[in-house]
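Structure first, then comments.
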Amino acid sequence: MDYELRRQDFYSGLIIAAIGLFIVVESWRMPRHFQNWPIYAAPGIVTGLLGLGLLGMGITLTIRSIRRQGAPLAFKRSDILSYLKDTKTHRLGLMFALSLIYCLFLGHRLPYIIVTAIYLAIAMITFRGTGPIKAVIISAMVAIGVALVFNRLFLIPLP
Amino acid sequence: MELGPLLIFKELVKFISPIILFHIFWSTFVGMIIGMLPGLTATMGIALLTGLTFGMEPRIAIIILICVYVGAITGGSRSAILLNIPGTPANAAACLDGYPLAQRGEGGQAIGLAATASFIGTIFGLFCMAFFTPYLGKIALEFHSWEFFWLAIFGIIICGNLTAPTDPLKGWIAGFFGLLVSLVGMEGIAAYSRFSFGFDQMKGGFALIPVLVGVYGIAEVFGGMREIILPKVRSKVGRIIPRARDLINHYRHILRSGVIGVIVGAIPGVGEDVASWVSYDFAKRSSKKPEEFGKGSLEGLIAAETGDNACIGGAIIPVLSLAVPGSAPAAVLLAAMWLHGVRPGPLLMFEFPNYIWEVTAMMIMASFASLIISLSFVKAQVKILLIPRAILMPIVFVLCVIGSFAINARIFDIWVMLGFGILGYAMRNYNYPAAPLVLGVILGDMADVNMRRALIRTAGDIAPFFTRPISFILILLIVLTIMSRIKPFTVFLSATMVKIGKLFGKQKH
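Residue numbers (our numbering), protein chains in the order written: chain R, 1 to 159; chain P, 160 to 668.
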């Protein structure tokens, strides 16, 4: 774990420094006398300072990671391949893809109960939580239950 | 003028009605289930229920959330004892001694003791809350824009320091990032839209609940589905009701952990997990049998569970007096209070004079409900732990979606939740703590508006930021917090201390 920290810190430090720099630039570009407010009340003043702080911390993290011992900074082809072949990565990717598709279908023409029941059934079957018939029954019950309880009891709109 | 206990009693009487009692019991039970199930945290539970109780009467909505909070922190010890997996991060220390006790066939005793210690901890914390909040509220009246700006910065610095003990830099980065996240959208002084890039939805900024549900809930769903752990519950539970002598013999640990829990709770953003570990550590250091810690020590279990529950009351102290949350679940509670029209902060005692007593009464009800539920239906509750994650996590995802959507009925909030879920998952894998990010999102507006307002008041003069007494104390605390984690400074400090010690030693001789 500590071995990987060097590489993790290096790349996350670079990303943070880039975000910090972007925020500083954007803050600088914000109006200085917006609606006749004085310059010290400019909307970009606090964001600019925070961006500078983030930039400084990102650079510190990157420099510190270069100095410390651990994994080489450059990724090898084998590193990427072994990550992509890992079952855990597949599971994560699959869950992410299913969730993304579910969110994409929400708020459109398909009724909430049907979209939710399909999502739950596919997720449970794919990840082998239970058998297909049981998964369909549980999914239908949960989708109907959630819709009834939250929509009728708590009066919450459904997506 | 009426006394505090009388006011608390008056508020308690108001809650004695069948409907409110029903809400108290079901929400505490739901909180306990959320706490018990590894992966579902108190923060996530309160965030979900905030959306779901949005349409309810404010008093009932807040009591439901407090019950979920107390129930989740108490319930988390159950999976720690039976599965060796903490239900919430707050219960991680309970694993060390709870699980060995369960392995010895004393799981029931461990559950009973943990529940009773949690109850005592909550009661201790809430009385500290009722006692100290008015005093802190009076001090908070001295806070003006300059102080509130520094308070926001101090909050994320101390939170980053304590929630990322191995690398505080990552905690501070998370905190600064959180502050920036809260500044997206229209700002409060000139209504200028920052970082919205022309998207109308972004002009409203990121709502707190979707961000919280994403960082705590969705990140856990992704993490939970990546690594499937099949729970193995030791079903032999045994006697549950704790023996009075076990509690009386350990009253010192209970008292000490209660104090530690309240102090840690009152520090912005730190929370129950730190309170639990610190209490456990202190108990081990002061124990006559430290070698038994980690092998099924009742002292360790009692200390950890008293500490994390006492932290609840402690975490609500700054919420009510300063509008600064003491922990991540308290941050959601603060947001829920805002949503229901209550404005915690220095003016709370003037605008809602009885609110502190009302919250105290709510917590008393929650802690009693939690104790009753904890000590009954244990075997039925244990069965819930056996639900496979592959069934549970997709259902949790569906609930997260509803929870994020409920408050504003915006599909955009679902995307915010998903985005912050991915961010939260990446942060977890790269050892960035989530608590400073959440605290930053809460405190961002406070930092921004107060800094600019202060500059307007002084026509751009920055001197009051450094010369006002409370500001100066806060700056000193910030500098000391940062310096305490910089190695050359700590080396220099310890060397100086040794020299001073030697000097005094020589003078004695």
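Even for Gly, the Cβ is constructed at its ideal location relative to N, Cα and C.
Source: prediction; values computed, not measured.
Find the residues of chain P that neighbour residue i, judging by a C-beta separation of less than 8 Å, and give them in chain order.
i      : result
R/T130 : P547, A549, I550
R/I133 : Ordered by position in chain P, no residue passes the 8 Å Cβ test against R/I133, which lies about 14 Å from the chain.
Judging by CA-CA distance, which residue of the options is the nearest neighbour of residue i?
i      : options                        : result
P/L479 : P/G420, P/V518, P/P592, P/S653 : P/V518
P/I532 : P/L300, P/L242, P/T275         : P/T275
P/A520 : P/I205, P/L207, P/I222         : P/I222
R/F211 : P/V501, P/G344, P/A565         : In the structure as shown, chain R starts at 1 and stops at 159, and residue 211 of chain R therefore has no counterpart that could be examined.
P/F308 : P/Y294, P/P623, P/T247, P/I570 : P/P623
P/A323 : P/T655, P/S653, P/T640, P/L662 : P/T640
P/T292 : P/P647, P/M508, P/A594         : P/M508
P/V227 : P/T212, P/T187, P/G214, P/G347 : P/T187
R/R29  : R/Q35, R/F150, R/G44           : R/G44
R/Q52  : R/V146, R/L148, R/V25          : Per the sequence presented here, residue 52 of chain R reads as Leu, with Gln not at that position. Cα-wise, what sits closest to R/L52 is R/V25.
P/G603 : P/L339, P/I205, P/P164, P/G267 : P/L339
R/P72  : R/G145, R/D9, R/L84            : R/D9
P/G472 : P/Y591, P/V557, P/M288, P/A333 : P/M288
P/I543 : P/A606, P/I175, P/L242         : P/L242
P/V579 : P/Y375, P/G428, P/R385         : As written in the sequence, residue 579 of chain P is Phe, which differs from the Val given in the question. That would be P/Y375, whose Cα lies nearest to the Cα of P/F579.
P/I317 : P/G583, P/V423, P/I581, P/G453 : P/V423
P/T281 : P/E306, P/Q268, P/I225, P/I632 : P/I225
P/E386 : R/G48, R/F22, R/I59, R/L94     : R/L94
P/L633 : P/I315, P/L272, P/G194, P/R612 : P/I315
P/G459 : P/A494, P/A425, P/P248, P/R411 : P/R411
R/L54  : R/K134, R/V142, R/A147, R/G20  : R/G20
Would you identify the three-state DSSP class for residue i, choosing helix, strand or coil?
i      : result
P/S480 : helix
P/M345 : strand
R/S99  : helix
P/K353 : In the sequence as presented, Lys is not what sits at residue 353 of chain P; that position holds Arg. DSSP places P/R353 in strand when its eight states are reduced to three.
P/E140 : Look at the range of chain P in this structure, 160 to 668, and you will see that residue 140 of chain P is not part of it.
P/D467 : helix
P/V227 : helix
P/R398 : coil
R/T130 : coil
P/V657 : helix
P/K173 : helix
P/D440 : helix
P/T275 : helix
P/F365 : coil
P/F358 : coil
P/P248 : helix
P/T292 : helix
P/I298 : helix
P/R502 : coil
R/I137 : helix
P/V429 : coil
R/H108 : coil
Could you list which residues in chain R have their beta carbon closer than 8 Å to that of residue i, in chain order?
i      : result
P/G214 : F154, L155, I156
P/W436 : The contacting residues do not exist; P/W436 stays about 20 Å from chain R at best.
P/R218 : Correct list: empty, because the minimum Cβ distance to chain R is about 16 Å.
P/A349 : F34, Q35, W37, A41, P43
P/W497 : Those within 8 Å of P/W497 in chain R number zero; the least Cβ separation is about 19 Å.
P/V372 : Going along chain R, no residue has its Cβ under 8 Å from P/V372, so there is no contact; the nearest lies around 13 Å.
Give me the chain R residues within the contact set of residue i, using Cβ-Cβ distance strictly less than 7 Å, ordered along the chain.
i      : result
P/D607 : V46
P/E386 : K88
P/V229 : Those within 7 Å of P/V229 in chain R number zero; the least Cβ separation is about 21 Å.
P/Y589 : Q8, S12
P/A568 : P157
P/E346 : P43
Residues of chain R with CB under 9 Å from residue i, in chain order?
i      : result
P/V557 : Y102, T116, Y119, L120, V142, A143, V146
P/R644 : None at all; the shortest Cβ gap to chain R is about 12 Å.
P/W574 : C103
Run down chain P in chain order and give the residues with a C-beta less than 9 Å from the C-beta of residue i.
i     : result
R/F10 : Within chain P, no residue comes near R/F10; the closest Cβ sits about 11 Å away, beyond 9 Å.
R/T62 : Those within 9 Å of R/T62 in chain P number zero; the least Cβ separation is about 11 Å.
R/L21 : In chain order: nothing, as chain P lies at least about 13 Å away.
R/P31 : A349, Y351
At 7 Å on the CB atoms, spell out the chain P contacts of residue i, in chain order.
i      : result
R/P111 : Under the 7 Å cutoff, chain P gives no residues; its nearest Cβ is about 14 Å from R/P111.
R/G53  : F335
R/S65  : Those do not exist, as R/S65 stays about 11 Å from chain P at its closest Cβ, beyond 7 Å.
Round the Cβ separation of residue i and residue j to the nearest angstrom and send it over; I've been treating them as touching at under 8 Å.
i      : j      : result
P/A594 : P/A487 : 5 Å
P/V418 : P/L321 : That belief does not hold up - the Cβ atoms of P/V418 and P/L321 are roughly 17 Å apart, past 8 Å.
| request: Below 7 Å between beta carbons is the criterion; list the residues of the stretch 595-620 of chain P that meet it against any residue of chain C, in chain order. | output: Looking at the structure shown, chain C is missing, and the protein chains on hand are R and P.
| Secondary structure, alpha helix (DSSP H): runs of 4+ residues fully inside the stretch 604-641 of chain P | 622-626
| task | Jot down the residue ranges of each uninterrupted alpha helix (DSSP H) in the stretch 512-595 of chain P, minimum 4 residues, whole runs only, in chain order. | result | 514-533, 537-543, 548-565, 570-588
| field | Completely contained alpha helix (DSSP H) runs for the stretch 16-94 of chain R, where each covers 4 or more residues | value | Positions of the alpha helix (DSSP H) runs, each at least 4 residues long and wholly inside the stretch 16-94 of chain R, are given as 44-67, 77-85 in order along the chain.
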